[in-house]
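Student: Pasting a structure below so you can have a look.
Protein chains: 2
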Amino acid sequence: MPKYGRGSCWWAGRFRGGGYRLTMPRQSILEVLDNASKHLSAEDIYLAVHKIYPNVGLTTVYRTLDLLVQMGLVSKLDFGDGRARYELSESSKGVKQHHHLVCTGCNRVIDYTDFIDEEIKLLGRIEKELSKKFNFKITNHLIRFYGLCNECQNKK
Amino acid sequence: MPKYGRGSCWWAGRFRGGGYRLTMPRQSILEVLDNASKHLSAEDIYLAVHKIYPNVGLTTVYRTLDLLVQMGLVSKLDFGDGRARYELSESSKGVKQHHHLVCTGCNRVIDYTDFIDEEIKLLGRIEKELSKKFNFKITNHLIRFYGLCNECQNKK
DNA sequence: GTATAATTGAAAATGGATACCATTACCAAT
DNA sequence: ATTGGTAATGGTATCCATTTTCAATTATAC
Chain X
0 MPKYGRGSCW WAGRFRGGGY RLTMPRQSIL EVLDNASKHL SAEDIYLAVH KIYPNVGLTT
60 VYRTLDLLVQ MGLVSKLDFG DGRARYELSE SSKGVKQHHH LVCTGCNRVI DYTDFIDEEI
120 KLLGRIEKEL SKKFNFKITN HLIRFYGLCN ECQNKK
Chain H
0 MPKYGRGSCW WAGRFRGGGY RLTMPRQSIL EVLDNASKHL SAEDIYLAVH KIYPNVGLTT
60 VYRTLDLLVQ MGLVSKLDFG DGRARYELSE SSKGVKQHHH LVCTGCNRVI DYTDFIDEEI
120 KLLGRIEKEL SKKFNFKITN HLIRFYGLCN ECQNKK
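One line per chain: the protein sequences are X and H, in this order. Residue numbers for the first sequence follow numbering that gives the first Met the number 0, beginning at 0 and rising by one. Residue numbers for the second sequence follow numbering that gives the first Met the number 0, beginning at 0 and rising by one.
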């Protein structure tokens, strides 16, 4: 009997195809991410997984997240508060892309999807030109706004 | 005789006006930033300052940088390699804005000014709308591209 | 000068992330 | 089924940029 059961989830194929094993820790980390409504830190994920599978270690969470990022299934986000956050990448979920609005007061993050099409269009155009000019193979871009949220404007 | 000489630099007024003292450590940190041709880490700055004023501590460098960022004289940049970089903010230098192209292979950063006007225009428009929609007081934005530089594409 | 508050710096603490390494799970070929 | 090789795991120790602490020093107002 295999110790690690195999779910039949949409990501299973990505693992097989990449030559990676879909183990229980990986499976459960993906499930946590799939059910998350917000961006989770590595520790958030560790705690959530740990509740169900207490023998999954923090190291494995970090390693798995790195792997998932490398596979393109997960996006690693750094909002500048000293700990990275992770979310299923949009292409994975088949969801409309979004960008972020970050409150520098309380670190709250708001996802927005407005103007995304315009943003993507401009970015795509710039990307093409910059690639040529600097001989850079661009893989990723970032648009983000920083400021104070409703609550933090009225504090102090 | 004051131990800390006072330069008559453009930033002196900003200090006085803000109720801050313009001390020698602060003065020298600003000079290092002013002469820098690239983004410097806190340690870079510490070493540069330390060469001239060996009794300036790393703690003070960090504290001063925080202050300068808060005053708007300096921009803090996080390229994801685990240490922050600092540069005089464009408005301080009266220079054309630029954005960054970051190599995920070697962490090299290329500044580009192409398309900046278009970027700024779009960002300004979006900014206005998002401010209204989320009641967010936006203070800052970020556009950045990640990828592999010329050298890193050919490695491996 | 003196008082007062700001500023400093050395050392210690913090905390997210990583390296190390012995152990375990998986898979393919016998 | 057994085996041998490789991938994956998890606990601990460690790294390292950044903060905190706190006593000593310095700048400014009086």
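Quick reminder that beta carbons are idealized off the backbone N, C-alpha and C, glycines included.
Among H/Val108, H/Asn54, H/Leu66, which residue has its Cα nearest to the Cα of H/His38?
Tutor: Locating residue 38 of chain H in the second sequence gives position 39, where the first residue counts as 1. Checking every option, the nearest Cα to that of H/His38 belongs to H/Val108.
Student: Look at the Cβ atom of X/Phe133, then the Cβ atom of H/Leu100, and state whether they are nearer than 8 angstroms.
Tutor: By 1-based counting over the first sequence, the position of residue 133 of chain X is 134. By 1-based counting over the second sequence, the position of residue 100 of chain H is 101. Cβ atoms of X/Phe133 and H/Leu100: closer than 8 angstroms.
Student: Which residues in chain X have a C-beta closer than 9 angstroms to the C-beta of H/Glu128? List them in chain order.
Tutor: In the second sequence, the residue the question calls residue 128 of chain H occupies position 129. Residues of chain X passing the Cβ test: Asp113, Phe114.
Student: Name the chain X residues that come within less than 8 angstroms of H/Asp77, Cβ to Cβ?
Tutor: Taking the second sequence and counting its residues from 1, the one referred to as residue 77 of chain H is at position 78. Asp77, Gly79, listed in chain order.
Student: Under a three-way DSSP split, which group does X/Leu100 fall into?
Tutor: Here residue 100 of chain X refers to the residue found at position 101 of the first sequence. In the structure shown, X/Leu100 sits in a strand (DSSP, three-state: E or B).
Student: Are H/Ala83 and H/Leu76 close, meaning C-beta to C-beta below 8 angstroms?
Tutor: By one-based count along the second sequence, residue 83 of chain H stands at place 84. By one-based count along the second sequence, residue 76 of chain H stands at place 77. Yes; because the gap between Cβ atoms is below 8 angstroms, this pair is in contact.
Student: Can you look up X/Arg13 in the DSSP assignment and give me helix, strand or coil?
Tutor: Looking up residue 13 of chain X in the first sequence gives position 14. Three-state DSSP puts X/Arg13 in a helix.
Student: Would you decide whether H/Arg15 is buried or exposed? Buried here means 16 or more other CB atoms lie within 10 Å of its CB.
Tutor: The residue you call residue 15 of chain H lines up with position 16 of the second sequence. Exposed, since its Cβ has fewer than 16 Cβ neighbours within 10 Å.
Student: Tell me whether X/Thr138 is buried or exposed, calling it buried when 16 or more other Cβ atoms sit within 10 Å of its Cβ.
Tutor: Here residue 138 of chain X refers to the residue found at position 139 of the first sequence. Exposed, because fewer than 16 other Cβ atoms sit within 10 Å of the Cβ of X/Thr138.
Student: Would you say H/Phe135 faces chain X, with C-beta separation under 8 angstroms as the test?
Tutor: Numbered from 1 along the second sequence, position 136 holds the residue referred to as residue 135 of chain H. It does: the Cβ of H/Phe135 has a partner Cβ on chain X nearer than 8 angstroms.
Student: Give the interface partners of H/Cys148 over in chain X, defined as CB-CB distance under 7 angstroms, in chain order.
Tutor: Stepping through the second sequence from its first residue, residue 148 of chain H is reached at position 149. Simply Phe135.
Student: What are the partner residues of H/Val73, as DSSP defines its beta bridges?
Tutor: Indexing the second sequence from 1 puts residue 73 of chain H at position 74. Partner(s): H/Leu87.
Student: Examine the Cβ distances between the segment 46-61 of chain H and the segment 19-32 of chain H and report whether three or more of them are shorter than 8 angstroms.
Tutor: Short answer: they touch.
Student: Would X/Ile142 pass as an interface residue toward chain H - the criterion being a Cβ-Cβ separation below 8 angstroms?
Tutor: On the first sequence, residue 142 of chain X is found 143 positions in, with the first residue counted as 1. Yes, its Cβ sits closer than 8 angstroms to a Cβ of chain H.
Student: What would DSSP say about X/His140, mapped onto helix, strand or coil?
Tutor: Position 141 of the first sequence holds residue 140 of chain X. Three-state result, X/His140: strand.
Student: Please report how far the alpha carbon of H/Asp80 lies from the alpha carbon of H/Leu67, in whole angstroms.
Tutor: Here residue 80 of chain H is taken as the residue at index 81 of the second sequence, counted from 1. Here residue 67 of chain H is taken as the residue at index 68 of the second sequence, counted from 1. Roughly 22 angstroms separates the two Cα atoms.
Student: Could you check whether the Cβ of H/Glu117 sits closer than 8 angstroms to any Cβ belonging to chain X?
Tutor: The residue you call residue 117 of chain H lines up with position 118 of the second sequence. Cβ-Cβ to chain X under 8 angstroms: yes for H/Glu117.
Student: Just checking: is the beta-carbon of X/Gln152 within a distance shorter than 8 angstroms of some beta-carbon in chain H?
Tutor: The sequence position of residue 152 of chain X within the first sequence is 153, counting from 1. Interface residue, yes.
Student: Give the interface partners of H/Asn106 over in chain X, defined as CB-CB distance under 9 angstroms, in chain order.
Tutor: Against the second sequence, residue 106 of chain H aligns to sequence position 107. Result: empty, since nearest Cβ-Cβ is about 14 angstroms, beyond 9 angstroms.
Student: List, in chain order, every chain H residue whose beta-carbon is nearer than 9 angstroms to that of X/Lys95.
Tutor: Locating residue 95 of chain X in the first sequence gives position 96, where the first residue counts as 1. Ordered by position in chain H, no residue passes the 9 angstroms Cβ test against X/Lys95, which lies about 16 angstroms from the chain.
Student: Going by the beta-carbon positions, is the gap between H/Leu147 and H/Cys102 smaller than 8 angstroms?
Tutor: For the purposes of this step, residue 147 of chain H is taken as residue 148 along the second sequence, with counting starting at 1. For the purposes of this step, residue 102 of chain H is taken as residue 103 along the second sequence, with counting starting at 1. Result yes, Cβ atoms of H/Leu147 and H/Cys102 sit closer than 8 angstroms.
Student: Need the endpoints of the beta strand (DSSP E) that X/Asp80 sits in, please.
Tutor: The residue given as residue 80 of chain X occupies position 81 in the first sequence. That residue, X/Asp80, is in no beta strand (DSSP E); it is neither H nor E in DSSP.
Student: For chain X, is any of its Cβ atoms less than 8 angstroms away from the one on H/Ile125?
Tutor: Indexing the second sequence from 1 puts residue 125 of chain H at position 126. True, the Cβ-Cβ gap to chain X drops below 8 angstroms.
Student: Just checking: is the beta-carbon of H/Tyr61 within a distance shorter than 8 angstroms of some beta-carbon in chain X?
Tutor: Indexing the second sequence from 1 puts residue 61 of chain H at position 62. No, H/Tyr61 does not count as interfacial toward chain X.
Student: Given this structure, state the Cα-to-Cα distance separating X/Gly104 from X/Gly18, to the nearest angstrom.
Tutor: Indexing the first sequence from 1 puts residue 104 of chain X at position 105. Indexing the first sequence from 1 puts residue 18 of chain X at position 19. So the alpha carbons of these two residues sit roughly 43 angstroms apart.
Student: How long is the line joining the alpha carbons of X/His98 and H/Pro53, rounded to whole angstroms?
Tutor: The residue given as residue 98 of chain X occupies position 99 in the first sequence. The residue given as residue 53 of chain H occupies position 54 in the second sequence. One C-alpha to the other measures close to 44 angstroms.
Student: Which two residues bound the contiguous alpha helix (DSSP H) that contains X/Tyr45?
Tutor: Locating residue 45 of chain X in the first sequence gives position 46, where the first residue counts as 1. Looking at the DSSP string, the run of the alpha helix (DSSP H) that includes X/Tyr45 is 41-51.
Student: Let me see if you follow: with CB-CB separation under 8 angstroms, is H/Leu121 close to chain X or not?
Tutor: Sequence index remark: in the second sequence, residue 121 of chain H carries index 122 (1-based). Closer than 8 angstroms: yes.
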